[in-house]
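In what follows, a structure is listed as structure tokens, so that the remarks can point back to it.
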């Protein structure tokens, strides 16, 4: 199931929110997420290793899209520009194959 349908089913997102999100750049979404998190904790978010974690966070997001969107392993690996062997290794990696919220 796509993340969009999953969030719609959980009533975490509506068509209006979807339209608003689609008008934002990825950079704006990241900034917005940090801004909201800062407000939620009542201050500045210190002590997180954000800079070093960004590549892994981004790769996991793209991996999860490919896993959920494409019907075949071959199509997903082609989308990512990696070999089928690398795709299989990623799918077997516990850092990539967990499904949040399931």
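Numbering (the working numbering), first residue to last: 4 to 105.
Backbone N, C-alpha and C fix where the C-beta goes; we use that ideal spot for every residue, glycine too.
For residue 52, no alpha helix (DSSP H) run applies, since DSSP gives it neither H nor E.
A straight-line Cα-Cα distance of about 8 Å links residue 71 and residue 6. If you ignore the 5 residues before and after residue 94, its C-beta comes within less than 8 Å of the C-beta of 70, 76, 100, all in its own chain and listed in chain order. Ranked by Cα distance from residue 83, the first of 92, 97, 98, 66 is 66. Assignment of residue 27 by DSSP, reduced to helix, strand and coil, places it in the coil class. According to the DSSP assignment, residue 75 belongs to no alpha helix (DSSP H), since it is labelled neither H nor E.
Of the residues assessed, residue 80 falls on the buried side of the cut-off, its CB having 16 or more other CB atoms within 10 angstroms.
When the Cα atoms are used, residue 20 and residue 87 turn out to be separated by approximately 35 Å.
Taking 8 Å as the cut-off, the beta carbon of residue 40 is found closer than this to the beta carbon of residue 48.
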